[in-house]
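There are 2 protein chains.
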Amino acid sequence: MAVKKAGEMMDLSPSEAREAIRRKEWTGPTAGIARGFVQANLVILPVDWAFDFLLFCQRNPRPCPVLDVTEPGDPVPRFLAPEADIRTDLPRYRVFRNGILEDEPLDIANIWRDDLVGFLLGCSFTFEGALLEAGVPVRHIEMGVNVPMYKTNIPCRPAGRLSGPMVVSMRPVQPDLVSRAVTTTALFPAVHGAPVHIGDPGSIGISDMTRPDFGDPVDIREGEIPLFWGCGVTPQAALMASKPPFAITHAPGHMFIGDRKDKEYSVF
Amino acid sequence: MAVKKAGEMMDLSPSEAREAIRRKEWTGPTAGIARGFVQANLVILPVDWAFDFLLFCQRNPRPCPVLDVTEPGDPVPRFLAPEADIRTDLPRYRVFRNGILEDEPLDIANIWRDDLVGFLLGCSFTFEGALLEAGVPVRHIEMGVNVPMYKTNIPCRPAGRLSGPMVVSMRPVQPDLVSRAVTTTALFPAVHGAPVHIGDPGSIGISDMTRPDFGDPVDIREGEIPLFWGCGVTPQAALMASKPPFAITHAPGHMFIGDRKDKEYSVF
């Protein structure tokens with residue numbers, strides 16, 4: 024097992040990147056990996072929770088845009104990547120029992136069950152290539168860290184047994200580039216779209232920007248405005264609040280990499 | 024009961040339009056009614072079919088974009104119109120038993136059940152205002168008839184027990200306005216978005232444009248190109264193919280009118 028460096032991962036194809044991850048040659052966050060291809064959040068639940076969860080996503084499309092849903096017991100996301108396996112192809116997982124985070128394993132092959140359904144949700148990493156091409160710098164990529172994510176006081180619309188607060192990802196942007204960041208990401212509604220909030224973190228319940236609830240803090244330079252996008256970690260906050268008996272997710276920032284191109288998710 | 028004329032319906036508010044419909048003062052198609060407000064397709068199924076149907080919509084977002092889902096037994100679409108009742112507020116319904124169209128009543132209050140879930144799906148009538156504002160004429164509005172809809176040979180992605188062909192709506196457009204029609208509607212991904220097919224009806228299995236499967240035929244003038252959009256009647260084709268024991272839909276073109284504005288469904 025040869026551990027890969029970040030630079031080696033950037034230009035891999037999605038299947039090469041998944042293979043490196045499956046071999047545990049890469050166990051870190053996936054921002055910037057297999058550039059140009061879609062990345063996805065993962066939520067796995069028993070089939071008797073599947074309707075509640077799909078409805079939760081339908082009612083909260085900004086944080087929870089659904090890209091693919093697997094058949095019960097089938098670990099293959101046939102729409103996003105028909106050769107992939109969601110049990111082994113993400114760098115790190117989170118296992119929840121009764122809403123409590125119990126483990127963060129590198130694969131979940133040994134705890135897979137025949138009644139599990141996987142949901143792959145759009146991820147803002149997918150529009151970061153478009154931001155960079157549009158001349159909008161992305162701080163956490165510049166710094167080589169995970170994107171900062173925060174729990175907010177914005178309630179999600181409940182669905183069945185599921186409820187919880189919206190989680191957002193944050194990117195600081197210079198004032199003259201805020202409009203461009205908004206219009207560029209608005210064109211990607213299937214991967215969170217435009218920001219849900221711009222400026223004043225306090226008014227959405229974020230008290231300390233230097234201490235994100237998930238991921239890493241990033242530098243916010245003089246005059247920069249924080250832009251907040253709906254985040255696919257939102258279901259993890261809902262799992263903690265709603266306590267289904269068993270659930271598995273990706274570890275924040277450690278995404279599934281699909282075979283479809285970023286550009287397939289753009290309106291234009 | 025005073026029957027309304029089409030001209031009187033155009034400028035009503037959504038709640039006024041629904042009240043006229045509830046009183047059976049309007050029993051026709053809804054294109055152009057309560058201009059500026061969202062319209063929606065309706066599918067009602069027993070709750071044990073709800074997951075299959077929501078998954079079918081997730082897998083076929085162009086014809087089946089979900090705008091609201093009611094709670095089992097609750098006839099109120101609380102997101103789209105919290106004062107409305109889906110049992111009485113559409114001008115005409117279709118009742119299916121085992122996939123067979125059995126009745127087309129003006130309301131469904133007497134056959135409502137506690138296990139029914141209503142799904143409201145985006146309708147292309149919602150972007151017709153934007154087309155008109157962009158200078159793209161809409162032929163079926165000009166002619167005062169229902170939009171023509173066709174079954175195609177494009178298969179939907181199946182979900183559980185549900186499968187079937189995509190149904191499309193058609194609007195003929197002059198060559199110099201095709202690009203504008205595409206870009207204008209692409210900005211409304213939640214109400215079908217851009218056309219799924221442009222030109223040659225035969226290649227998507229439409230043999231006779233003068234005989235639509237649903238709605239009315241419209242004139243196609245010399246040089247005009249037919250543009251085909253995913254259509255919310257697609258679930259009706261799936262119900263006929265997949266034969267759930269009981270289902271209710273809107274009659275094609277006879278939509279639910281919500282309180283939200285068309286523009287809320289535009290990316291910009």
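Residue numbers (our numbering), protein chains in the order written: chain A, 24 to 291; chain B, 24 to 291.
Glycine included, every Cβ here is placed at the ideal spot set by N, Cα and C.
Query	Result
Is it true that the region 101-108 of chain A meets the region 275-286 of chain A, where meeting means three or more beta-carbon pairs spaced less than 8 Å apart?	yes
What residues from chain B crowd round residue 81 of chain A, counting only those whose CB sits closer than 7 Å?	77, 89 and 92
Among the residues of its own chain, which have a CB less than 7 Å from the CB of residue 157 of chain B, if the five just before and after it don't count?	203 and 207
Tell me whether residue 189 of chain B sits in a helix, a strand or coil according to DSSP, three-state version.	strand
Does residue 216 of chain B have its Cβ less than 9 Å from a Cβ in chain A?	yes
Are there 16 or more other CB atoms within 10 angstroms of the CB of residue 89 of chain B, so buried, or fewer, so exposed?	buried
At a CB-CB cut-off below 9 Å, which residues of chain B make contact with residue 191 of chain A?	Chain B residues near residue 191 of chain A: none, gap ~19 Å exceeds 9 Å.
Which full runs of the alpha helix (DSSP H) of 4+ residues lie inside the region 101-161 of chain A, going along the chain?	148-156
Can you give me the Cβ contacts of residue 41 of chain A inside the same chain, cut-off strictly under 7 Å, excluding the 5 residues immediately before and after it?	107, 112 and 280
With a threshold of 16 other CB atoms inside 10 Å of the CB of residue 53 of chain B, please say whether the residue is buried or exposed.	buried
Between the alpha carbons of residue 129 of chain A and residue 116 of chain B, how many angstroms are there, rounded?	52 Å
In the DSSP output, which residue or residues are listed as bridge partners for residue 60 of chain B?	B:284
Going by C-alpha distance, which of B:175, B:259, B:148 and B:176 is nearest residue 168 of chain B?	B:148
Do you know offhand how far residue 132 of chain A's Cα is from residue 110 of chain A's?	5 Å
In whole angstroms, what is the alpha-carbon distance linking residue 136 of chain A and residue 97 of chain A?	9 Å
For residue 64 of chain A versus residue 185 of chain A, is the C-beta spacing smaller than 9 Å?	no
DSSP has residue 44 of chain B in a bridge; who is on the other side?	DSSP, once it has assigned bridges, lists no residue as partnering residue 44 of chain B.
Grab the span of the alpha helix (DSSP H) containing residue 76 of chain B for me, first residue to last.	73-82
Pull up the distance between the alpha-carbon of residue 258 of chain A and that of residue 59 of chain A, whole angstroms please.	25 Å
Can you tell me whether residue 232 of chain B is helix, strand or coil according to DSSP?	coil
For residue 73 of chain A, tell me which candidate among A:141, A:56 and A:195 has the shortest Cα-Cα distance.	A:141
Here's a check: name, in chain order, each residue in its chain whose Cβ is nearer than 6 Å to the Cβ of residue 187 of chain A, leaving out the five neighbours to either side.	179, 260, 261 and 264
Please classify residue 52 of chain A: does DSSP put it in a helix, a strand, or coil?	coil
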